[in-house]
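Trainee:
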Amino acid sequence: MFNGLAFTLNEDVWCLPSQEGLIIGSGDRVTKLMRCNPKVFDVVRSIRAALAGGPAALERIAGAQKAAVPNGVLEDILGRLLECGVISIDPPASKPTGRQETALSVAVFTDETLKPFLERAFEGAGQDGLDWACTWFDCADSAEVSGQSLSEVTVAVGCASNTLARIKHFPGLNTACLQAGRPLLLTYCDGEKALVGPFVFPGESACYRCMEIREQANTPTPRHHQLVRSRIEEINVRSSPRPSRACMEDAASMLVNELSSFATRRRVPASYKAVVERRASTLSSVSRPLLRMPLCDACGNFVTRPRVAAWAV
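The opening position of the sequence shown corresponds to residue 132 in this note's numbering, with each subsequent residue numbered one higher.
#1: Looking at the unbroken beta strand (DSSP E) that takes in C320, where does it start and where does it end?
#2: At the level of alpha carbons, what is the spacing between G334 and A307?
#3: Can you tell me whether N349 is buried or exposed? The criterion is at least 16 other CB atoms within 10 Å of its CB, across all chains shown.
#4: Given a cut-off of 9 Å, decide if F330 and K404 are closer than it, judged by their beta-carbon atoms.
#5: Are the CB atoms of A337 and L422 nearer to each other than 9 Å?
#6: Contact between the stretch 372–383 and the stretch 399–419: three or more CB pairs below 8 Å?
#7: For the candidate residues V276, A271, V286, whose alpha-carbon lies nearest to that of L386?
#8: Could you check whether the Cβ of S282 sits closer than 8 Å to any heavy atom belonging to the ligand SAM?
#9: Going by DSSP in three states, T244 sits in which element: helix, strand or coil?
#10: Answer with buried or exposed for T241, where buried requires no fewer than 16 other C-beta atoms within 10 angstroms of its C-beta.
#11: Who are the near neighbours of R313 in its chain, counting only those whose CB is closer than 7 Å to its CB and skipping five residues on each side?
#12: How far does the alpha helix (DSSP H) with F393 in it extend, from its first residue to its last?
#13: On a Cα-Cα basis, can you pick out the residue from V417, A264, S418 that is closest to A394?
#14: Three-state secondary structure (DSSP) at K299?
#15: Can you tell me which of the three DSSP states E346 falls into?
#16: Would you kindly work out how many angstroms separate the C-alpha atoms of R251 and L261, rounded to a whole number?
#17: So for T266, helix, strand or coil by DSSP?
#18: Out of curiosity, what's the CA-to-CA distance linking S418 and G328?
#19: Can you give me the start and stop residues for the beta strand (DSSP E) that V284 sits inside?
#20: Got a sec? Which residues, its chain only, sit under 6 Å from G289 by beta carbon, not counting five neighbours each side?
#21: With DSSP run on the structure shown, which of helix, strand or coil describes Q253?
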(Lines of atoms letter the chains of each structure in order from A and count residues from 1; the text may use other names and numbers.)
(Lines give C-alpha, C1' and ligand atoms only; values in the text may rest on other atoms or scores of the structure.)
Protein backbone atom coordinates (compact mmCIF):
# COMPACT_ATOMS: atom_id res chain seq x y z
CA MET A 1 0.00 0.00 0.00
CA PHE A 2 3.01 2.29 0.35
CA ASN A 3 4.08 1.92 -3.30
CA GLY A 4 7.72 2.53 -2.41
CA LEU A 5 6.92 5.84 -0.69
CA ALA A 6 7.93 6.93 2.78
CA PHE A 7 5.64 8.57 5.33
CA THR A 8 6.76 11.58 7.35
CA LEU A 9 4.99 13.31 10.21
CA ASN A 10 4.38 17.00 9.55
CA GLU A 11 6.19 19.29 11.97
CA ASP A 12 3.38 21.75 12.62
CA VAL A 13 0.56 19.22 13.14
CA TRP A 14 0.32 16.95 16.19
CA CYS A 15 -1.82 13.92 16.98
CA LEU A 16 -2.66 12.44 20.40
CA PRO A 17 -4.70 9.33 21.32
CA SER A 18 -7.69 9.64 23.65
CA GLN A 19 -10.65 7.57 24.80
CA GLU A 20 -12.78 9.05 22.02
CA GLY A 21 -10.23 8.69 19.20
CA LEU A 22 -7.36 10.75 17.78
CA ILE A 23 -7.12 14.43 18.70
CA ILE A 24 -5.49 16.44 15.91
CA GLY A 25 -4.18 19.95 16.38
CA SER A 26 -1.76 22.61 15.20
CA GLY A 27 0.28 24.70 17.61
CA ASP A 28 -1.87 25.27 20.72
CA ARG A 29 -5.18 24.72 18.90
CA VAL A 30 -7.23 21.55 18.47
CA THR A 31 -8.48 21.35 14.88
CA LYS A 32 -10.19 17.97 14.62
CA LEU A 33 -11.31 14.87 16.53
CA MET A 34 -11.08 11.68 14.48
CA ARG A 35 -13.30 9.04 16.07
CA CYS A 36 -11.54 5.69 15.83
CA ASN A 37 -9.84 3.08 17.98
CA PRO A 38 -7.01 4.82 19.90
CA LYS A 39 -4.79 1.81 19.11
CA VAL A 40 -4.55 3.16 15.58
CA PHE A 41 -2.12 5.73 16.99
CA ASP A 42 0.35 2.86 17.40
CA VAL A 43 0.27 2.50 13.62
CA VAL A 44 1.40 6.10 13.16
CA ARG A 45 4.03 5.73 15.87
CA SER A 46 5.36 2.55 14.25
CA ILE A 47 5.59 4.28 10.90
CA ARG A 48 7.56 7.12 12.43
CA ALA A 49 9.94 4.66 14.10
CA ALA A 50 10.45 2.84 10.80
CA LEU A 51 11.39 5.94 8.83
CA ALA A 52 15.10 5.37 9.38
CA GLY A 53 14.79 1.93 7.80
CA GLY A 54 13.40 3.25 4.52
CA PRO A 55 10.53 1.84 2.42
CA ALA A 56 11.43 -1.81 3.12
CA ALA A 57 11.02 -1.30 6.87
CA LEU A 58 7.72 0.46 6.26
CA GLU A 59 6.45 -2.50 4.27
CA ARG A 60 7.29 -4.85 7.17
CA ILE A 61 5.53 -2.54 9.63
CA ALA A 62 2.49 -2.40 7.35
CA GLY A 63 2.36 -6.18 7.17
CA ALA A 64 2.54 -6.54 10.95
CA GLN A 65 -0.14 -3.91 11.52
CA LYS A 66 -2.47 -5.45 8.95
CA ALA A 67 -2.42 -8.67 10.95
CA ALA A 68 -3.54 -6.80 14.08
CA VAL A 69 -6.03 -4.39 12.50
CA PRO A 70 -9.21 -5.53 10.68
CA ASN A 71 -8.97 -5.64 6.90
CA GLY A 72 -9.37 -2.22 5.28
CA VAL A 73 -9.25 -0.25 8.54
CA LEU A 74 -5.54 0.59 8.31
CA GLU A 75 -5.83 1.96 4.77
CA ASP A 76 -8.90 3.99 5.75
CA ILE A 77 -7.26 5.53 8.82
CA LEU A 78 -4.03 6.37 7.01
CA GLY A 79 -6.04 7.95 4.21
CA ARG A 80 -7.93 10.10 6.70
CA LEU A 81 -4.69 11.10 8.44
CA LEU A 82 -3.30 12.15 5.07
CA GLU A 83 -6.36 14.33 4.42
CA CYS A 84 -6.06 15.94 7.86
CA GLY A 85 -2.40 16.78 7.35
CA VAL A 86 -1.11 14.63 10.24
CA ILE A 87 1.09 12.68 7.83
CA SER A 88 2.29 13.41 4.32
CA ILE A 89 3.80 11.32 1.56
CA ASP A 90 7.26 12.15 0.23
CA PRO A 91 9.38 10.21 -2.29
CA PRO A 92 12.15 8.20 -0.56
CA ALA A 93 15.53 9.90 -0.90
CA SER A 94 17.88 7.61 -2.83
CA LYS A 95 20.80 9.94 -2.12
CA PRO A 96 21.46 12.28 0.79
CA THR A 97 20.32 15.73 -0.17
CA GLY A 98 20.70 19.12 1.44
CA ARG A 99 17.75 21.43 1.10
CA GLN A 100 14.50 19.69 0.19
CA GLU A 101 12.87 21.37 -2.79
CA THR A 102 9.26 21.19 -3.91
CA ALA A 103 8.73 21.51 -7.67
CA LEU A 104 5.60 23.33 -8.77
CA SER A 105 4.53 23.90 -12.37
CA VAL A 106 2.70 27.24 -12.46
CA ALA A 107 0.95 28.93 -15.39
CA VAL A 108 0.89 32.65 -14.53
CA PHE A 109 -1.56 34.94 -16.34
CA THR A 110 -0.79 38.55 -15.43
CA ASP A 111 -0.69 42.06 -16.83
CA GLU A 112 2.54 43.99 -17.31
CA THR A 113 1.85 46.18 -14.28
CA LEU A 114 2.03 43.33 -11.76
CA LYS A 115 4.55 41.10 -13.53
CA PRO A 116 7.78 42.65 -12.09
CA PHE A 117 6.46 42.33 -8.53
CA LEU A 118 5.45 38.71 -9.11
CA GLU A 119 8.84 37.82 -10.57
CA ARG A 120 10.62 39.17 -7.48
CA ALA A 121 8.21 37.34 -5.15
CA PHE A 122 8.72 34.02 -6.96
CA GLU A 123 12.48 34.51 -6.93
CA GLY A 124 12.44 35.08 -3.16
CA ALA A 125 10.35 31.95 -2.58
CA GLY A 126 12.83 29.94 -4.67
CA GLN A 127 15.59 30.92 -2.26
CA ASP A 128 13.53 29.37 0.55
CA GLY A 129 13.60 25.91 -1.07
CA LEU A 130 10.63 26.03 -3.44
CA ASP A 131 11.37 25.21 -7.07
CA TRP A 132 9.05 27.24 -9.32
CA ALA A 133 8.62 26.25 -12.96
CA CYS A 134 6.68 29.32 -14.10
CA THR A 135 5.24 29.81 -17.57
CA TRP A 136 4.26 33.44 -18.11
CA PHE A 137 1.27 34.58 -20.16
CA ASP A 138 -0.32 37.94 -20.75
CA CYS A 139 -3.63 38.38 -18.95
CA ALA A 140 -5.33 38.94 -22.32
CA ASP A 141 -4.38 35.38 -23.34
CA SER A 142 -6.88 34.02 -20.80
CA ALA A 143 -9.68 34.57 -23.32
CA GLU A 144 -8.13 32.02 -25.67
CA VAL A 145 -6.77 29.48 -23.18
CA SER A 146 -8.38 26.02 -23.18
CA GLY A 147 -8.65 23.28 -20.60
CA GLN A 148 -6.38 21.06 -22.68
CA SER A 149 -3.57 23.63 -22.62
CA LEU A 150 -3.64 23.63 -18.79
CA SER A 151 -3.77 19.85 -18.36
CA GLU A 152 -0.02 19.57 -17.64
CA VAL A 153 0.34 22.37 -15.06
CA THR A 154 0.10 21.89 -11.30
CA VAL A 155 -1.76 25.13 -10.68
CA ALA A 156 -2.82 28.18 -12.68
CA VAL A 157 -2.59 31.74 -11.39
CA GLY A 158 -4.58 34.78 -12.50
CA CYS A 159 -3.34 38.28 -11.58
CA ALA A 160 -4.88 41.67 -12.35
CA SER A 161 -3.79 45.16 -11.29
CA ASN A 162 -7.35 46.56 -11.29
CA THR A 163 -10.97 45.48 -11.02
CA LEU A 164 -11.78 46.01 -14.71
CA ALA A 165 -8.96 43.67 -15.75
CA ARG A 166 -10.23 41.14 -13.25
CA ILE A 167 -13.79 41.29 -14.62
CA LYS A 168 -12.51 41.07 -18.20
CA HIS A 169 -9.93 38.29 -17.96
CA PHE A 170 -10.71 36.02 -15.00
CA PRO A 171 -13.92 34.34 -16.32
CA GLY A 172 -12.12 32.70 -19.27
CA LEU A 173 -9.31 31.42 -17.06
CA ASN A 174 -11.84 30.13 -14.53
CA THR A 175 -13.66 28.16 -17.24
CA ALA A 176 -10.43 26.66 -18.61
CA CYS A 177 -9.31 25.47 -15.16
CA LEU A 178 -12.72 23.91 -14.47
CA GLN A 179 -12.48 22.07 -17.79
CA ALA A 180 -8.95 20.85 -17.03
CA GLY A 181 -9.71 20.05 -13.37
CA ARG A 182 -6.74 22.16 -12.28
CA PRO A 183 -6.55 24.44 -9.19
CA LEU A 184 -6.71 28.18 -9.85
CA LEU A 185 -5.47 30.93 -7.53
CA LEU A 186 -6.55 34.51 -8.20
CA THR A 187 -5.17 37.82 -6.96
CA TYR A 188 -5.93 41.40 -7.91
CA CYS A 189 -5.76 45.01 -6.74
CA ASP A 190 -8.80 47.17 -6.08
CA GLY A 191 -7.71 50.73 -5.37
CA GLU A 192 -5.39 50.45 -2.36
CA LYS A 193 -6.61 46.97 -1.44
CA ALA A 194 -4.76 43.78 -2.39
CA LEU A 195 -6.98 40.70 -2.60
CA VAL A 196 -6.10 37.03 -2.98
CA GLY A 197 -8.63 34.29 -3.60
CA PRO A 198 -10.60 32.36 -4.14
CA PHE A 199 -8.25 29.38 -4.41
CA VAL A 200 -10.42 27.34 -6.76
CA PHE A 201 -10.35 23.54 -6.47
CA PRO A 202 -12.81 22.26 -9.12
CA GLY A 203 -15.69 20.39 -7.54
CA GLU A 204 -14.53 21.20 -4.02
CA SER A 205 -14.56 24.97 -3.47
CA ALA A 206 -16.24 28.01 -4.96
CA CYS A 207 -15.07 29.12 -8.39
CA TYR A 208 -14.66 32.68 -9.68
CA ARG A 209 -18.14 32.60 -11.21
CA CYS A 210 -19.57 31.79 -7.75
CA MET A 211 -17.90 34.97 -6.49
CA GLU A 212 -19.35 36.99 -9.37
CA ILE A 213 -22.87 35.72 -8.63
CA ARG A 214 -22.53 36.73 -4.97
CA GLU A 215 -21.13 40.13 -5.93
CA GLN A 216 -24.05 40.76 -8.26
CA ALA A 217 -26.57 39.66 -5.62
CA ASN A 218 -25.06 42.12 -3.11
CA THR A 219 -24.92 45.04 -5.54
CA PRO A 220 -27.60 47.74 -4.92
CA THR A 221 -28.21 47.97 -8.68
CA PRO A 222 -27.69 44.49 -10.20
CA ARG A 223 -28.82 45.80 -13.60
CA HIS A 224 -25.85 48.18 -13.76
CA HIS A 225 -23.52 45.34 -12.77
CA GLN A 226 -24.84 43.24 -15.66
CA LEU A 227 -24.45 46.19 -18.04
CA VAL A 228 -20.77 46.62 -17.15
CA ARG A 229 -20.16 42.90 -17.67
CA SER A 230 -21.91 42.89 -21.04
CA ARG A 231 -19.89 45.86 -22.35
CA ILE A 232 -16.56 45.09 -20.68
CA GLU A 233 -14.85 44.55 -24.05
CA GLU A 234 -15.50 48.20 -24.94
CA ILE A 235 -13.76 49.55 -21.83
CA ASN A 236 -10.08 50.41 -22.07
CA VAL A 237 -8.62 48.49 -19.14
CA ARG A 238 -5.20 50.14 -19.50
CA SER A 239 -6.72 53.53 -18.62
CA SER A 240 -7.66 52.35 -15.12
CA PRO A 241 -5.84 53.96 -12.17
CA ARG A 242 -2.53 52.30 -11.30
CA PRO A 243 -2.38 50.88 -7.74
CA SER A 244 0.40 51.93 -5.40
CA ARG A 245 3.69 50.07 -5.25
CA ALA A 246 2.92 48.85 -1.70
CA CYS A 247 -0.42 47.44 -2.84
CA MET A 248 1.15 45.50 -5.72
CA GLU A 249 3.92 44.19 -3.46
CA ASP A 250 1.26 42.98 -1.03
CA ALA A 251 -0.68 41.23 -3.81
CA ALA A 252 2.44 39.44 -5.08
CA SER A 253 3.56 38.45 -1.58
CA MET A 254 0.14 37.11 -0.59
CA LEU A 255 -0.08 35.11 -3.81
CA VAL A 256 3.30 33.42 -3.37
CA ASN A 257 2.58 32.67 0.31
CA GLU A 258 -0.63 30.90 -0.69
CA LEU A 259 1.18 28.89 -3.35
CA SER A 260 3.85 27.96 -0.79
CA SER A 261 1.17 26.61 1.55
CA PHE A 262 -0.30 24.64 -1.35
CA ALA A 263 3.09 23.21 -2.38
CA THR A 264 4.39 22.27 1.07
CA ARG A 265 0.97 21.39 2.58
CA ARG A 266 2.12 22.71 5.94
CA ARG A 267 -1.12 24.63 6.45
CA VAL A 268 -4.42 25.22 4.72
CA PRO A 269 -4.16 28.25 2.37
CA ALA A 270 -5.98 31.27 3.78
CA SER A 271 -7.75 31.77 0.43
CA TYR A 272 -9.22 28.25 0.47
CA LYS A 273 -13.01 28.85 0.39
CA ALA A 274 -12.37 32.54 1.13
CA VAL A 275 -11.17 35.85 -0.28
CA VAL A 276 -8.49 37.61 1.78
CA GLU A 277 -8.27 41.40 1.58
CA ARG A 278 -5.36 43.49 2.85
CA ARG A 279 -4.99 47.28 2.92
CA ALA A 280 -1.47 48.48 2.23
CA SER A 281 -1.96 51.63 4.34
CA THR A 282 -2.94 49.85 7.57
CA LEU A 283 -1.63 46.29 6.91
CA SER A 284 -4.96 45.01 8.23
CA SER A 285 -6.38 41.82 6.72
CA VAL A 286 -9.96 40.63 6.41
CA SER A 287 -10.99 37.12 5.32
CA ARG A 288 -14.42 36.73 3.73
CA PRO A 289 -15.78 33.17 3.43
CA LEU A 290 -16.86 32.12 -0.05
CA LEU A 291 -18.96 28.98 -0.54
CA ARG A 292 -20.04 27.31 -3.75
CA MET A 293 -23.24 28.54 -5.36
CA PRO A 294 -25.61 25.60 -5.98
CA LEU A 295 -26.84 27.11 -9.27
CA CYS A 296 -23.49 28.35 -10.57
CA ASP A 297 -23.53 28.00 -14.35
CA ALA A 298 -19.74 27.41 -14.44
CA CYS A 299 -19.42 24.76 -11.71
CA GLY A 300 -22.60 23.05 -12.86
CA ASN A 301 -21.45 22.77 -16.48
CA PHE A 302 -17.91 21.50 -15.98
CA VAL A 303 -17.88 19.71 -12.61
CA THR A 304 -19.90 16.53 -13.01
CA ARG A 305 -18.68 14.41 -10.12
CA PRO A 306 -17.65 14.94 -6.47
CA ARG A 307 -13.96 15.49 -5.80
CA VAL A 308 -12.00 14.10 -2.86
CA ALA A 309 -11.27 17.06 -0.60
CA ALA A 310 -7.69 18.32 -0.82
CA TRP A 311 -7.95 20.03 2.58
CA ALA A 312 -10.00 18.22 5.20
CA VAL A 313 -9.15 20.36 8.24
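The beta carbon of each residue, even a glycine, is placed where N, CA and C say it ideally should be.
Mentor: In this structure, then:
#1: On the sequence shown, position 189 is the one that residue 320 refers to. Segment 315–321, the beta strand (DSSP E) holding C320.
#2: One-based indexing of the sequence shown puts residue 334 at position 203. One-based indexing of the sequence shown puts residue 307 at position 176. Straight-line Cα distance between these residues: approximately 14 Å.
#3: For this step, residue 349 is matched to residue 218 along the sequence shown. Under this definition N349 is an exposed residue.
#4: Sequence index remark: in the sequence shown, residue 404 carries index 273 (1-based). Sequence index remark: in the sequence shown, residue 330 carries index 199 (1-based). Contact flag set, yes.
#5: As a working note, residue 337 is residue 206 in the sequence shown. As a working note, residue 422 is residue 291 in the sequence shown. Yes, the pair counts as a contact, with Cβ atoms nearer than the cut-off.
#6: yes
#7: Counting from one through the sequence shown, the residue named residue 386 turns up at place 255. It is V286 whose Cα lies nearest to the Cα of L386.
#8: Among the components of this structure there are no ligands whatsoever, and the ligand SAM is therefore not found.
#9: Against the sequence shown, residue 244 aligns to sequence position 113. In the structure shown, T244 sits in coil (DSSP, three-state: anything other than H, G, I, E or B).
#10: As a working note, residue 241 is residue 110 in the sequence shown. Under this definition T241 is a buried residue.
#11: What you label residue 313 is simply residue 182 of the sequence shown in a count that begins at 1. Taken in chain order, the residues that qualify are L281, V284, V286, A287.
#12: The residue you call residue 393 lines up with position 262 of the sequence shown. Where F393 is concerned, the enclosing alpha helix (DSSP H) stretches over 376–395.
#13: Here residue 394 refers to the residue found at position 263 of the sequence shown. When only C-alpha atoms are compared, the closest one is A264.
#14: Position 168 of the sequence shown, counted from the first residue, corresponds to residue 299. Three-state DSSP puts K299 in a helix.
#15: Translated into positions along the sequence shown, residue 346 becomes position 215. Helix at E346.
#16: Here residue 251 is taken as the residue at index 120 of the sequence shown, counted from 1. Here residue 261 is taken as the residue at index 130 of the sequence shown, counted from 1. Cα to Cα, the separation comes out at about 14 Å.
#17: Taking the sequence shown and counting its residues from 1, one reaches residue 266 at position 135. In the structure shown, T266 sits in a strand (DSSP, three-state: E or B).
#18: Within the sequence shown, the letter at position 287 stands for residue 418. Within the sequence shown, the letter at position 197 stands for residue 328. Distance between the alpha carbons of S418 and G328 is about 10 Å.
#19: Taking the first residue of the sequence shown as 1, we reach residue 284 at position 153. Element bounds for V284: n/a, residue is neither H nor E.
#20: For the purposes of this step, residue 289 is taken as the residue at position 158 of the sequence shown. If we look at G289 and ignore the five residues flanking it on each side, its Cβ neighbours are F240, F301, L304, L317.
#21: Translated into the one-based positions of the sequence shown, residue 253 becomes position 122. Before going further, note that residue 253 is Phe rather than Gln in the sequence given. Three-state DSSP puts F253 in a helix.
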